[in-house]
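Structure first, commentary second.
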Amino acid sequence: MKKLTFLKSLLLGVLMTVSANMYALGAGDIAIIAVNTDATKTFTFVALADIPASTTISFTDNAWDASTPAWRAGEGTIQWSHTANVTAGTVITVTLTTTPTVSIGNVTKSGSFDLSASGDQILAYQGTTAPTTNPDANWLFAFSTENFVWGNNSNTSDVPTSLTAASVAMTTSATETDNAYFANGSTAQSSVTVSGTKSELLALFTDASKYYKNDAGALTIPTYTITVNSSSNPVAATPEFSPAAGTYTSAQSVTISCATSGASIYYTTDGSDPDNTKTQYTGAISVTSTTTIKARAYASGYDPSAIASATYTINVAPTITVTEVTLPAFSATAGSSQDQTITVNGSNLTGNITLALSGTDAAAFSLSESSITPTAGSVTDKVITITYAPTAPGSHSATLTLSSSGATDVTRDLTGTATLAKPTVNTASNIGKTALTLNWNAVSGATSYEVNVYTKDGSGESTLLSEDFSKFTAGSPNGSADGTDISDKLDTYTLVPGWTGSKVYQAGGTAKMGTSSALGYLVTPSLDLSGGEVTLSFKAMAWAGDATELKIYVDDALAYTATGLNNTDYTLSSYSTTLTGGTTASKIKFEGKQASKGRLFLDDVVVTKSGSKTPISGSPFTTTETSLQVSDLTAATTYYYTVTAKNGTYVSPASDEASASTLGTATSNVSVQGIFVRNGKVIVTAPAAGESIEIFNAVGQRLVSTLSTAGENEIAVPAKGILLVKAGSQVTKVMMP
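Note that our numbering has the sequence shown beginning at 1497, numbered continuously upward.
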């Protein structure tokens, strides 16, 4: 009875030992060190730890999807086992004939295990049941004839995450190698001898640079002598990365940690395997571009850890930038244009930058280019011209949008103000004794014209004020105007005393008014603006980006608003207007549009007064044509006229004043005698008074229009060179020296 009890105990112990040994292996306890996918096909593995008797190891060429995780079915499995213990360092080769054979132990085949010369993998695990998760403890080793990645093609596989440090891929791309074996170098060997601890040998067998490879037929596997040195030390914990390996859209700060107390971590970023001669980890690693970090831990009393590897793919988001945060308002007359530019930059671009205009008034704007092609993903200081070309007066707006695949759109608001251009008058025609036709050029955007026709009392023109601000010498007429307000001592700087104002500054021969937040103004001395026609002319411009209007007041009543002041490149524009309603002691005030960004520059202010005007009956006339026949006039009389263009509420500046004279009572075909030049003047001898005398320059511009007196007429002409003199029905060419 005692013997029977003893036998039962012994049998139970054996069974417990066998059961324990069935699951005695772990990742890296074997290594696949040779594969031939060309006939005759083979694979070779080495035991890096003792393999207990009757342990089953399965080798499959099915692929593993680590993300799902799941297997790709349809291939096969080789199951190996041996009735005796297999000691560490033992090398075993499986030959894949129709019925597979093995150098040590026994093998059985299930399914279609047939290594492909177009790329394949062998995944090894303990037991007969395939793992279903990445961290499964039964995973042993992974080998691939190309890179490990799921879905390159039907012959590729992920590596299970628990085999990161117990796997080897022969290439880093989808380009495979047919045959390879561990040679402890890259050249062919007939025998290979290596020794070391398990971790040291595993580091060799997982280094693809230590393998000899070719595609020219099955290789003769060298004779291996592999000695696995025992170590009583535990293995340091494998380093861990944070954040985890993956794809990111911005730079990452990667930290590495190790669960083994007191461990030092060494790492590489050049693809090589780390050891304790590499860079020691001391703090977070900045990863700004795609990088693979490999790390290994060393600690006193421990064997080195397995190598941890993490690849960070950095796909930085594309960006578009426009230097100009805002664009000044455009200003142009209808039918003309104004340009502005923007500077565009881009980085990490994957496609062209497209530029598009949108909005109700988009047609009023155009772009020099609608697409920008990057170079190596970048655009550097690309200048784009934006043109404002209105066809009608009014306020216009649009939105400019710059976009590129994956980048955030950049928009800029565009605004523009269009006015009507000042009409240009032409020579009167069809001149008779009581009628004539007035002519002018068409103004783009105008729908009608107003024509003022009048006579003058002939009292002449006098200058009431002329100020060119030539004593405003400090500063420059641009963004570098002088910063000292001289409003309280203007008499020191003006040619004519009596000016007053607020927020007035010298600007290199011009007067600057206002600050970025305060309204400025200038007021003339008292002037006699009563009676006659008063004309104000001046030059003005706006501070860059500021409002483009200047208000003119007569005795604090708004008399005129100058619009379209240049606010882009500090260029003065000329303005002229007629003032009415003045008194014998009137003052003219120049003021900006607004306190905030209403700065402007003023120059060459001239106020003149001529004899009083008397409109003819029916004046002003309105017409949609570019000519006007005026009748019921008095013979031998000079008539004056101006033209303004209109479109709804928009009115252009008045044209320059022109004149035309009706014929006198003398017979129009009377021959005029004695047309010549004397003492710098044209002499015309007329037989009677009232004959029309017109003098033109060589390009047809009329310089003088007057009526003759009987006898010799001496006429001053503001021109030299060839002149054409039309007197009555006679035309004579003369030379003015």
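Think of the CB as a built atom: it goes at the ideal place given N, C-alpha and C, for glycine as much as any other residue.
Provide the residue(s) that pair with residue i in DSSP beta bridges, ordered along the chain.
i, result
"K2047", "T2057, E2087"
"K2142", "S1944, V2147"
"M2232", "G2217"
"I1810", "Y1744"
"V1688", "Y1720"
"K1918", "Note: K1918 sits in no beta bridge, so no partner."
"L1659", "Paired residue(s): none; L1659 is not in a bridge."
"T2205", "Answer is none; T2205 lacks a bridge partner."
"F2034", "Y2071"
"L2098", "A2007, A2036"
"V2281", "Residue 2281 is absent from the structure shown; the chain starts at 1497 and stops at 2233."
"Y1794", "S1760"
"F1861", "Y1884"
Got a sec: is the Cβ-Cβ distance from residue i to anything in chain C below 8 Å?
i, result
"A2132", "No chain C is present in this structure, which holds just one protein chain."
Buried or exposed for residue i, going by 16 or more other Cβ atoms inside 10 Å?
i, result
"A1580", "exposed"
"K2083", "buried"
"G2077", "exposed"
"F1861", "buried"
"S2026", "exposed"
"N1937", "exposed"
"Q2197", "exposed"
"G1912", "buried"
"V1514", "Residue confidence for V1514 is low, a pLDDT of 40 falling below 50, so the modelled location carries little weight; the figure read from the coordinates is stated next. It is exposed - the Cβ of V1514 has fewer than 16 other Cβ atoms within 10 Å."
"F1701", "buried"
"L1991", "exposed"
"E2210", "exposed"
"N1651", "buried"
"K2105", "buried"
"K1999", "buried"
"A2182", "buried"
"S1658", "buried"
"A2144", "The sequence shown places Gly at residue 2144, rather than the Ala named in the question. Result: exposed."
"D2065", "exposed"
Note down, in chain order, each residue of its chain lying with its Cβ closer than 6 Å to the Cβ of residue i, except the 5 sequence neighbours on either side.
i, result
"Q2002", "F1968, A1970, G1971, D1978"
"K2089", "A2043, E2045"
"T2134", "S2155, S2157"
"K2222", "E2190"
"S2122", "Per the sequence shown, residue 2122 should be read as Thr rather than Ser. Closer than 6 Å at Cβ, skipping near neighbours: W1936, A1938."
"T2202", "I2189"
"T2140", "E1946, V2147, S2148, A2150"
"C1751", "Reading off the sequence, residue 1751 comes out as Thr, not Cys. Closer than 6 Å at Cβ, skipping near neighbours: S1738, A1780."
"A2081", "S2022"
Which residues in the same chain as residue i place their Cβ atom closer than 7 Å to its Cβ, once the five residues preceding and following it in sequence are excluded?
i, result
"V1812", "T1745, S1746, N1844"
"K2047", "L2054, T2057, E2087, K2089"
"G1797", "N1729"
"S1833", "T1883, Y1884, A1885"
"D1534", "A1613, D1674, N1675, G1713, A1714"
"S1608", "E1571, G1572"
"D1557", "E1571, G1572, F1609, L1611, D1616, Q1617, I1618"
"K2229", "I2218, L2220"
Go through its chain and collect everything with a Cβ distance to residue i's Cβ below 8 Å, but skip five positions before and after it.
i, result
"A2215", "N2193, L2199, M2232"
"N1848", "S1867, I1868, T1869, P1870, S1900"
"D1771", "Y1762, R1792, P1800"
"Y2136", "V1949, Y1950, T1951, K1952, K2109, E2153, A2154, S2155"
"K2177", "E2210, I2211, A2212, V2213"
"T1484", "In the structure as shown, the chain starts at 1497 and stops at 2233, and residue 1484 therefore has no counterpart that could be examined."
"A2091", "G2010, S2013, A2014, L2015"
Tell me, to the nearest whole angstrom, how far the beta carbon of residue i is from that of residue j; I am working on the premise that it is less than 8 Å.
i, j, result
"V2102", "T1959", "7 Å"
"N1680", "V1688", "6 Å"
"A1759", "A1795", "4 Å"
"E2029", "S2148", "Wrong, their Cβ atoms sit about 19 Å apart, outside the cutoff."
"A1903", "P1814", "4 Å"
"L2098", "A1931", "Contact flag wrong, Cβ pair sits at about 43 Å."
"S1682", "Y1708", "6 Å"
"P1656", "S1686", "Actually they do not touch by this definition, with Cβ atoms about 34 Å apart."
"G2041", "K2093", "7 Å"
"T1536", "T1589", "At roughly 11 Å, the Cβ-Cβ gap does not stay under 8 Å, so T1536 and T1589 are not in contact."
"F1678", "A1530", "6 Å"
Q: Flag this pair as touching only if the region 2058-2072 and the region 2022-2036 have three or more C-beta atom pairs under 8 Å; answer yes or no.
A: yes
Q) Are the region 1523-1532 and the region 1629-1644 touching by the rule of at least three beta carbon pairs closer than 8 Å? A) yes
Q) Does the region 1866-1885 come close enough to the region 2116-2125 to have 3 or more Cβ pairs within less than 8 Å? A) no
Q. Taking one C-beta from the region 1827-1843 and one from the region 1800-1808 each time, how about it: are there three or more such pairs within less than 8 Å?
A. no
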